[in-house]
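Asks: One structure follows; several queries about it will come next.
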Amino acid sequence: MFERPKLGERAILVQVSVGERVSAEQINEFRELARSAGADIRGSVSGSRLAPNPRLFIGSGKVAQINALVEEQQADLVLFDHDLSPSQERNLEKELRCRVLDRSGLILDIFAQRARSFEGKLQVELAQLEHLSTRLVRGWTHLERQKGGIGLRGPGETQLETDRRLLAQRIRQLNRRLERVRRQREQGRRTRRRADIQTVSLVGYTNAGKSTLFNLVTNSGVYVADQLFATLDPTLRRVDLGRGQRMILADTVGFVRQLPHELVEAFRSTLQETREADLLLHIIDASDPNRRDRINQVNQVIAEIGAADVRQIEIFNKIDLIDEAPRIQRDEDGKVVRVWLSAADGQGLEMLVEALRESLSDGEVAHGRIRLRPSEARFRASLYQEDAVLADEVDEAGRWILDVAMPLRRFLSLCRRDGVDPQRLDVQPCRVGDGYLQSRTVA
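This is the structure:
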């Protein structure tokens, strides 16, 4: 075996079509993944096979071609756009005498670079260790295995056995820590449910513009970059839509083709925000010629994490790059199914706000004139706090006469909380009215 280099960014890319042709989109995405990981791409090799070689994944001729390119470019890393078995990865490293990394290992490396929060670092480490646990191949060469007889007894367990034991201990420790984080997140979700605040989760292919749209809606400073997986750590912000409507907007990790299973498992608590959201905003790059494939791949991951039943609105972003106008599209029942906008310059933001108000309230708004007694001052203050009061005056009997408009469900919730009988109040369900957009960070 060769000694693995401690550092190595000079990379050769390998893409082999197995049973189907590799598209230009897949080639570009793999190059972007390599660049996002910090690789210095020195060359690429492509080919096709009817089926993977059980030992090397590729044929001996292709191995010789890659080996020649590695020596010519002095590369110290070969990246495969495929998932390799532990034995295939080990055999390829022996033949090429340089480090070999498959697609899952590459994505895990990107995640390790981008994780910033305590939870994100735990999740990435857990995914890396679970991926590594299948790739421990040998013990220390200077240690013998356990033997019997006087003078023949070895030092106990081999380094391979020690590594496996320590790895299992660390994985258990990480799972315990992440379980505490999951309980904290669940407590936050219960608090939001008690406060009757609905959650909207941004989902979509990586680099589709989720964080840019999140910043536009919430006036936040979430990191944005033109690269894959620019943001990993989930961010929650409270958004006031006006007329008493509030929501929590969650920015989550972007999806990608063949997202490693270890990452899906490790990011379970983060993706729980998506699974338990009241509404998903599926952000789509409208300028991407392969957007239909991206949509299908994102929906596949959404189904994998158990969020297929959550209502979804497609947000076609980046219309500033194509000849499209901002607009709302509805289905046969009049429900919003698609919004066209540009998060970069704000085109269509008011239409997104309208779609959110309508979708989160199901179109039912308490609208009308109510009379409140002096003893119901607390309820009046609550309506003002919810920004639901359109007009306010006092009659001859000293009662308040208010024109109100707010989501019917929220109105009934305030009535119950403040001890006011909604049957006595003259309000009628109607369509969502106009309002404004504000934001505030969740404590």
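Read in order, the letters of the sequence shown correspond to residues 915 to 1357 in the numbering used here.
Where is the CB? At the ideal position from N, CA and C, for every residue including glycine.
Owing to the predicted nature of the structure, the values given are computational and were not obtained by experimental measurement.
1) With 16 other CB atoms within 10 Å as the buried threshold, where does Thr1048 fall?
2) Taking Asn1231 as part of the beta strand (DSSP E), name the residues at either end of that continuous run.
3) Rounding to the nearest angstrom, what Cα-Cα distance links Ile1362 and Ala1319 in this structure?
4) Closest Cβ-Cβ distance between Arg1013 and chain B: below 9 Å?
5) Just how far apart, CA to CA, sit Ile941 and Val930?
6) Do you know how far the Cα of Arg1189 is from the Cα of Gln1337?
7) Can you list, in chain order, the stretches of the alpha helix (DSSP H) that have 4 or more residues and sit fully within the stretch 968-998?
8) Using only CA atoms, which one of Glu1218, Trp1254, Arg1225 and Asp1223 lies nearest to Leu1361?
9) Label Ile1315 either buried or exposed according to how many other C-beta atoms from any shown protein chain fall within 10 Å of its C-beta, with 16 as the threshold for buried.
10) Going by beta-carbon coordinates alone, are Asp997 and Ala1122 separated by less than 9 Å?
11) Whole angstroms is fine: what's the gap from Arg1208's alpha carbon to Gln1027's?
12) Where Arg1294 and Leu1286 are concerned, what is the direct C-alpha to C-alpha distance, given to the nearest angstrom?
13) Rounded C-beta distance between Glu1003 and Asp1016? I'm assuming under 8 Å.
14) For Asp1165, which option in Ala948, Glu1268 and Arg1152 has the closest C-alpha, if you only look at C-alpha atoms?
15) If you compare alpha carbons, which of Val1117, Ile980, Ser1273 and Ile955 is closest to Val1212?
16) Any idea what DSSP makes of Ala1258, helix, strand or coil?
17) So, helix, strand or coil for Val1250, using DSSP?
18) Leaving out five residues before and five after Val1014 in sequence, what residues of the same chain have Cβ atoms less than 6 Å from its Cβ?
19) Is it buried or exposed for Ser1256, if we count other Cβ within 10 angstroms and need 16 for buried?
20) Could you check what DSSP says for Ser937 in three-state terms: helix, strand or coil?
Replies: Looking at the coordinates:
1) exposed
2) Run containing Asn1231: Gln1226 to Asn1231, per the beta strand (DSSP E) assignment.
3) As shown, the chain starts at 915 and ends at 1357. That puts residue 1362 outside it, with no answer to give.
4) The displayed structure is made up of one protein chain only, and chain B is not part of it.
5) 10 Å
6) 36 Å
7) Runs of alpha helix (DSSP H) with 4 or more residues, each lying fully within the stretch 968-998, are found at 974-987, listed in chain order.
8) Past the boundaries of the shown model lies residue 1361; the chain is included only from 915 to 1357, so the question cannot be answered.
9) exposed
10) no
11) If I take the Cα positions, the gap works out to 24 Å.
12) 8 Å
13) 6 Å
14) Arg1152
15) Val1117
16) coil
17) Here Val1250 carries a strand assignment [DSSP, helix/strand/coil].
18) Val992, Glu1003, Leu1006 and Glu1007
19) Ser1256 is buried by the Cβ-count criterion.
20) coil
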